[in-house]
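To keep things clear, I will list the structure first and then write my remarks on it.
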Amino acid sequence: MALIVQKYGGTSVGTLERIAAVADEVRAVRELGDDVVVVVSAMSGETNRLLVMAKTLDRHPNPRELDVLLSTGEQVTIALLSICLESKGCPARSYTGGQVHIRTDNAYNKARILGIDHRRVEEDLAKGRVVVVAGFQGVDEHGNITTLGRGGSDTTAVALAAALSARECQIFTDVDGVYTADPRVVPEARRLDRVTYEEMLELASLGAKVLQIRAVEFARKYNVPLRVLSSFQPGKGTLIAEEAAMEQPLISGVTCNRDEAKLTVLGVPDRPGIAHRILGPVAKANIEVDMIVQNVGEDGTTDFTFTVNRSDYEAALEILKQVAGDLGAREVTGDRRIAKVSLVGVAMRSHAGIASRMFEALATEGINIRMISTSEIKISVVVDEKYAELGVRSLHTEFGLGQNG
Ligand code: ADP
Ligand code: ASP
Ligand code: MG
40 MALIVQKYGG TSVGTLERIA AVADEVRAVR ELGDDVVVVV SAMSGETNRL LVMAKTLDRH
100 PNPRELDVLL STGEQVTIAL LSICLESKGC PARSYTGGQV HIRTDNAYNK ARILGIDHRR
160 VEEDLAKGRV VVVAGFQGVD EHGNITTLGR GGSDTTAVAL AAALSARECQ IFTDVDGVYT
220 ADPRVVPEAR RLDRVTYEEM LELASLGAKV LQIRAVEFAR KYNVPLRVLS SFQPGKGTLI
280 AEEAAMEQPL ISGVTCNRDE AKLTVLGVPD RPGIAHRILG PVAKANIEVD MIVQNVGEDG
340 TTDFTFTVNR SDYEAALEIL KQVAGDLGAR EVTGDRRIAK VSLVGVAMRS HAGIASRMFE
400 ALATEGINIR MISTSEIKIS VVVDEKYAEL GVRSLHTEFG LGQNG
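Using this note's numbering, the first residue of the sequence shown is number 40, and each one after it goes up by one.
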């Protein structure tokens, strides 16, 4: 007998019929003899609905109170699922994050899990119960409710799987696995049987929102086998684990991220310490910088460009205007309508020429590349947002990633 942690996302528990279907699935696993801990999200649309209500009252809601509000979505689902399981003769107990001591730091709206006291869960499992835990939430050291950032139920599931040494953490969603590209953007995208943690981390960081980045980080750190499956159709899904597939493809996936914005300081005097003078105040304001490009000018000045999360754009622009004045720079410009398109694959390490093939494919479509960044297993380019989907589709075709590739 083993322990399995299953997580069901918003669409998988979006209606009472869906919750009943999940209860049947859980009961079936239980009847095969395995212990089950279930983590659920809020019913689909619920977290957004709550967010809109808060923002109607205050454009920048108090973060602590926002977490009290957002955590209610998951509390509804755990109760409904447990009620349904009990009605089907399957003993179950629901718990909020605080009740099973999912301890986090106190960074409201994006808290990190510090530890889980799983005794209570184990006691219930020993009594033959299914334990249903609210995803996306925890408590800080003072007992304040915190939430883990959008998509955070994935991380709750992996953290519980790690703490309880589960055999597998199964993430049930509305697609039957991880695909070579978002199937909503590229209909001919292909499901991957297996991806490594390292690749999945890049895919998630670069825009494949099928798993929260922190969930993948956690799974990798504690070596939790993670599987993405559909709650709507049977199948073996995609396994995310340490070893690569037998026949590792050159490219595992193409992703797109629209969460960034670009800022440029033009005509900065080209002197040592400039990068620090520009980025120091940005870092001090707790704004994360992603790509950075500095041009070498001929007139003794340089242009300095970088990207930040779109939600930090205004704050970064304000800071730069101040800095530009102090440095005697010519101008500050910005663009929030950009997208980052990326290719990910561990096999890239041993292959040259992928970047030039990528750039050529984009050029053929008339897509201008604004910035480039590379690592051993990924190449990212910043393009105008309007070309994002075309970029993803053309690269998917160029590298033969489709069903018939
Ligand atoms: P849940 O509510 O179950 O957590 P999400 O909406 O967070 O579901 O994640 C599933 C969605 O992720 C899919 O509907 C799909 O559109 C999107 N997605 C983006 N990139 C990929 C990818 N490479 N493979 C699979 N799904 C992807
Ligand atoms: N309900 C939260 C969200 O919509 C957490 C999750 O679903 O994972 O982001
Ligand atoms: Mg999700």
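Where is the CB? At the ideal position from N, CA and C, for every residue including glycine. Since we're looking at a predicted model, the values are computed, not measured.
In DSSP terms, what residue i is bridged to
i       : result
Gly-430 : Per DSSP, none; premise fails for Gly-430.
Asp-423 : Ile-377
Phe-345 : Leu-302 and Ile-331
Ile-43  : Val-75 and Glu-207
Arg-98  : Partner(s): none; Arg-98 has no beta bridge.
Thr-294 : Ser-381
Met-265 : Before going further, note that residue 265 is Leu rather than Met in the sequence given. Paired residues: Cys-208 and Ile-279.
Glu-286 : Answer is none; Glu-286 lacks a bridge partner.
Gln-176 : Thr-186
Tyr-134 : Val-172
Ile-155 : Ile-141
Length of the line joining the Cα atoms of residue i and residue j
i       : j       : result
Ile-279 : Glu-64  : 22 Å
Ile-290 : His-435 : 9 Å
Ile-313 : Ala-363 : 11 Å
Arg-149 : Thr-186 : The question names Arg, but residue 149 in the sequence shown is Lys. If you take the alpha carbons of Lys-149 and Thr-186, they lie about 6 Å apart.
Val-160 : Gly-137 : 12 Å
Glu-104 : Arg-88  : 15 Å
Arg-445 : Ile-184 : Lying outside 40 to 444, the shown extent of the chain, residue 445 is not represented and no answer is given.
Ser-192 : Leu-356 : 33 Å
Ser-414 : Val-421 : 15 Å
Gly-246 : Arg-168 : 37 Å
Ala-228 : His-315 : 42 Å
Gly-373 : Ala-300 : 7 Å
Thr-86  : Asp-365 : 43 Å
Ser-419 : Tyr-218 : 18 Å
Gly-188 : Ala-62  : 26 Å
Arg-369 : Lys-360 : 10 Å
Glu-327 : Ser-350 : 11 Å
Leu-440 : Arg-310 : 45 Å
Leu-120 : Ile-406 : 48 Å
Glu-113 : Ser-270 : 18 Å
Leu-242 : Arg-233 : 13 Å
Gly-72  : Arg-206 : 13 Å
Leu-42  : Leu-109 : 29 Å
Leu-124 : Tyr-134 : 14 Å
Cβ neighbour criterion (16 or more within 10 Å) applied to residue i
i       : result
Asp-106 : buried
Glu-46  : The sequence shown places Lys at residue 46, not Glu. By the neighbour-count rule (16 or more Cβ atoms within 10 Å), Lys-46 is buried.
Met-92  : exposed
His-157 : buried
Gln-176 : buried
Met-397 : buried
Thr-54  : exposed
Met-387 : buried
Leu-96  : exposed
Lys-166 : exposed
Asp-221 : buried
Gly-384 : buried
Met-239 : buried
Asp-179 : buried
Leu-153 : exposed
Under 8 Å between C-beta atoms of residue i and residue j
i       : j       : result
Ala-202 : Ile-155 : yes
Tyr-295 : Val-431 : One detail in the question is off: residue 295 reads as Cys in this sequence, not Tyr. Contact flag set, yes.
Phe-211 : Ser-51  : yes
Gly-445 : Asp-213 : Absent from the structure is residue 445, since the part of the chain shown begins at 40 and ends at 444.
Met-410 : Val-347 : no
Val-172 : Val-249 : no
Asp-163 : Arg-142 : no
Phe-257 : Val-307 : no
Asp-423 : Arg-376 : yes
Leu-268 : Gly-274 : yes
- Heavy atoms of the ligand MG versus C-beta positions, residues under 6 Å: Gly-48, Gly-190 and Asp-193
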